[in-house]
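Numbering (the numbering used here), first residue to last: 191 to 254.
In this text, a Cβ means the ideal position worked out from N, Cα and C, and glycines have one as well.
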């Protein structure tokens, strides 16, 4: 399976899980979850990738 296919499958699972959670939330929590899902779907990942994905480079040592 290609990496793009795996990412799409993972995203689909996240949406399904979020929709399942809505069954058990009160209306206010449901609204906020829906807004969060809208951000995931409608904002291009390329705009947020620098803010969302921060991975330290453990292989590099800082020069003192």
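Query: Helix, strand or coil for residue 221? Go by DSSP, reduced to three states.; Result: helix
Query: Quick check: what's the CA-CA separation for residue 233 versus residue 212?; Result: 22 Å
Query: With DSSP run on the structure shown, which of helix, strand or coil describes residue 228?; Result: helix
Query: Looking only at its chain, what residues have a beta carbon closer than 8 Å to the beta carbon of residue 218, apart from the 5 residues adjacent to it on each side?; Result: none
Query: List the whole-angstrom C-beta distance separating residue 255 from residue 208, where the pair is believed to meet the contact cut-off of C-beta under 8 Å.; Result: For residue 255 there is no data in the structure shown, the boundaries of the chain being 191 and 254.
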